[in-house]
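Asker: Starting off with a structure, shown below.
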Amino acid sequence: MTWQRLDAELATASRTVSVCVGRLGAAPAYTRLPDVGHYAASTMKLAVLTALHRAAEAGALDLDAPVPVHNAFDSAAAGAPRFACTRRYDNDDVVWERIGATAPLRWLAERMIVKSSNLATNLVLAHVGLPAVARVWDLVGARHSVTGRGIEDFAARDAGITNEVTAADLAALLSAIARGATAAGPCDAPVVGPDASRRMLDVLFRQEHREDLAAGLPPGTRIAHKNGWVHGVRHGAGVVFPDDAPPYAVVACTTTTDPADERGDDDACRLIARISATAWTRRHELTPTGAPAAP
1 MTWQRLDAEL ATASRTVSVC VGRLGAAPAY TRLPDVGHYA ASTMKLAVLT ALHRAAEAGA
61 LDLDAPVPVH NAFDSAAAGA PRFACTRRYD NDDVVWERIG ATAPLRWLAE RMIVKSSNLA
121 TNLVLAHVGL PAVARVWDLV GARHSVTGRG IEDFAARDAG ITNEVTAADL AALLSAIARG
181 ATAAGPCDAP VVGPDASRRM LDVLFRQEHR EDLAAGLPPG TRIAHKNGWV HGVRHGAGVV
241 FPDDAPPYAV VACTTTTDPA DERGDDDACR LIARISATAW TRRHELTPTG APAAP
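Written out as structure tokens, the structure reads:
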């Protein structure tokens, strides 16, 4: 499929679709509404993961030190009571089974990504803090993305405090991580050092939710990615590492315009898979950067 045919298909979708595809550190080869804001869902966990590794690299946190596992968190809304996660909305019972015990931050961060655990996310976020996550967005030059609250902080949500991303900002964050790990030239936004970048990529490679971006790639293709979903929202953000071409970022953010659509998530997954498949077929024609094919 050509970019033109893809663009025509996306123009008829019953959802707002934002896309950013391109080589690491280069101008995108294809964009569609790249600066339109979407509710972040679990893609905000990418910035939380990065803030955690920045803190560890600075010596402010020990990733292997055990921390208490609990389910009560300070709200981002001033004066609001503490809030808690709901187990049935989470994706990882294993973290919940640790409540009342301890777990290393490194382990919690991995569950946050590979299983998309909301409880693990709020635990990690409580240790790094929202200002550290905001700093990550600043470092990569994000223009619109913000992580203003934890997951299920409904008092903050009702106060207008939200988590928002754009396709362009997610691509910038993932590209900075991948360039740091692959030594793909100097990075304009040094988020963390090479070792921390490689550790983050290793976690993102182990992502277990593979029904969107990964579904559009040939079996066995290496992709470091994170997706996110709530009712009406489905996003996929990743870096693909072909054996025969330099790595490239591919991000698709979708928000439905029909909240009553019961098939919306399945349709969105198929749509994101087609976007990923199109990027794959064009992988040799993206703007080159001289990056190596894999770390």
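Note that the UniProt record's numbering gives residue 238 to position 238 of the sequence shown, counting from 1, and the numbers run on in steps of one. Ideal Cβ placement from N, Cα and C applies to all residues, glycine included.
#1: Is there contact here, the segment 19 to 37 with the segment 132 to 141, by at least three beta-carbon pairs under 8 Å?
#2: Given that a residue counts as buried once 16 or more other Cβ atoms are within 10 Å of its Cβ, and exposed if not, what is aspartate 265?
#3: In terms of alpha-carbon separation, which member of Phe83, Asp74, Arg198 and Glu285 lies closest to alanine 126?
#4: Among the candidates Ala13, Asp7 and Met1, whose CA atom is the shortest distance from the CA of threonine 255?
#5: Let me make sure I understand the geometry here. Which of Lys226, Leu33, Gly25 and Ser276 has the alpha-carbon closest to that of valine 203?
#6: Ignoring anything shorter than 4 residues or poking outside the segment 70 to 124, list the alpha helix (DSSP H) runs there in chain order.
#7: Determine the contact status of alanine 84 and glutamate 152, defining contact as a CB-CB distance below 9 Å.
#8: Judging by CA-CA distance, which residue of Ala167, Ala159 and Asp158 is the nearest neighbour of serine 145?
#9: Could you give the DSSP three-state label for glycine 185: helix, strand or coil?
#10: Starting from the C-beta of proline 218, find all residues in its chain whose C-beta is less than 6 Å away, skip the five residues before and the five after it, and write them out in chain order.
#11: Going along the chain, which residues of its own chain have a beta-carbon closer than 6 Å to the beta-carbon of arginine 30, five neighbours each way excluded?
Answerer: Walking through what the data contain:
#1: no
#2: buried
#3: Asp74
#4: Threonine 255 has its Cα closest to that of Ala13, out of Ala13, Asp7 and Met1.
#5: Lys226
#6: 93 to 96 and 105 to 114
#7: yes
#8: Ala167
#9: Legend: pLDDT at glycine 185 = 48, less than 50; position of this residue unreliable, value from coordinates given subsequently. Correct three-state label for glycine 185: coil.
#10: none
#11: It is worth fixing the name first, because residue 30 is tyrosine in this sequence and not arginine. By the criterion of a C-beta distance shorter than 6 Å, tyrosine 30 is surrounded in its chain by Trp3 and Val21, once the five residues flanking it on both sides are discounted.
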